[in-house]
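Taking it in order: structure first as structure tokens, then the write-up.
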Ligand code: PYC
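Numbering (my numbering), first residue to last: 2 to 342.
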């Protein structure tokens with residue numbers, strides 16, 4: 002009889018967006034650059050990603066993270082983020098969650114902490130108040146005003162930008178298309194628009210650099226609070242939307258604002274999410290024209306510490322996906338197969 006597998010996790014939320022960090026019992030990915038360790042995670046331990054993020058233990062909206070040894074010796078920690086469908090390059094809300102969770106565990110104190118990620122080093126400044134300011138990887142706009150025709154809807158225009166993940170930031174809608182207010186009660190319509198747009202980006206061959214898939218779509222509107230600068234709705238890989246303003250999405254937005262000359266270096270930008278939670282952002286100019294280093298600030302709250310139990314007798318032990326968005330990319334309901342224990 003195979004033994005139970007136990008995975009210790011700590012859960013938090015950042016502006017409403019949940020993060021579940023594996024503290025122990027996660028896959029042993031060995032050493033080497035984190036990008037290579039992601040490939041190992043995907044090839045040999047994807048059942049752990051599914052067990053942690055999918056139902057019955059998780060949900061489509063949950064972002065998971067594996068805390069690991071850094072490869073970059075200037076960093077104190079490494080982290081690999083993932084969600085219900087795949088692995089993320091970086092995750093802003095998740096990094097804020099990581100820092101507040103590590104403080105909760107007594108592993109760090111206020112100060113600056115460097116973290117290795119699959120897309121490079123980020124630093125996080127934990128203030129005594131608990132607010133975390135994440136200096137993200139280099140961010141930039143790859144292309145402005147890119148038109149994409151969405152069958153049945155018409156032509157959208159938007160920017161393709163990188164903020165640790167690839168984003169399409171919608172600027173304008175097809176003539177005659179009526180869209181609802183950017184309010185959470187309309188999330189189903191925004192999700193549908195985002196998913197149709199993302200599919201059309203892919204079928205039109207519109208990608209990030211190196212043919213990278215644009216897997217996040219971002220819509221903008223007026224903020225509910227006039228003291229803020231903007232409100233967004235961010236569709237994440239899969240079919241869930243970010244409850245927070247999305248750290249990498251805010252970074253991509255800052256890159257576009259910088260490229261348009263709308264926001265100067267060091268100036269502050271308050272980005273509201275679809276549920277009204279807020280990240281503040283600013284940027285420093287990078288080494289090359291058009292490249293910035295964004296800083297995104299927010300705070301996470303720890304919501305649980307738990308042990309996940311994977312019972313070898315459980316046919317659904319490695320999770321299952323029910324949403325149509327996920328079923329094409331991941332396993333559907335049924336016993337897990339092919340996963341080494
Ligand atoms: O905060 O960068 C972020 C993020 C990416 C996906 C969900 N949240």
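All C-beta atoms, glycine included, are put in the ideal place defined by N, C-alpha and C. This one's a predicted model, so the numbers in the text were calculated from it and none came from an experiment.
A Cβ-Cβ contact shorter than 8 Å links residue 269 with residue 283.
With a cut-off of 7 Å, the C-beta of residue 243 is classified as near the ligand PYC, since at least one heavy atom of the ligand falls inside that distance. Residue environment for residue 35: buried (at least 16 other C-beta atoms within 10 angstroms of its C-beta). Sixteen is the threshold: when 16 or more other Cβ atoms of the shown chains lie within 10 Å of the Cβ of residue 259, as they do, the residue is buried. Residue 301 is not a Cβ neighbour of residue 116, given a cutoff of 8 Å. In the structure shown, residue 114 adopts extended strand secondary structure according to DSSP, grouped into three states.
Distance from residue 102 to residue 22 at the Cβ level is roughly 6 Å; contact confirmed, criterion being Cβ atoms closer than 8 Å. The Cβ neighbour count for residue 7, taken over all protein chains shown within 10 Å, is under 16; the residue is labelled exposed. Per DSSP, residue 272 is one residue of the beta strand (DSSP E) stretching across 270-273.
Rounded to whole angstroms, the gap between the alpha carbons of residue 217 and residue 204 is 15 Å. In the structure shown, residue 319 falls within a coil segment according to DSSP collapsed to helix, strand and coil. Here residue 133 is not near residue 201, since their CB atoms are 8 Å or more apart. When DSSP states are grouped into helix, strand and coil, residue 204 belongs to the helix group.
With contacts defined by Cβ atoms closer than 8 Å, residue 319 and residue 52 form a contacting pair. Of the residues assessed, residue 322 falls on the buried side of the cut-off, its CB having 16 or more other CB atoms within 10 angstroms. With a cutoff of 8 Å on beta-carbon distance, residue 95 and residue 131 are scored as not near each other. Remark: C-beta atoms of residue 175 and residue 155 approach each other more closely than 8 Å. At least one heavy atom of the ligand PYC is found less than 7 Å from the C-beta of residue 18.
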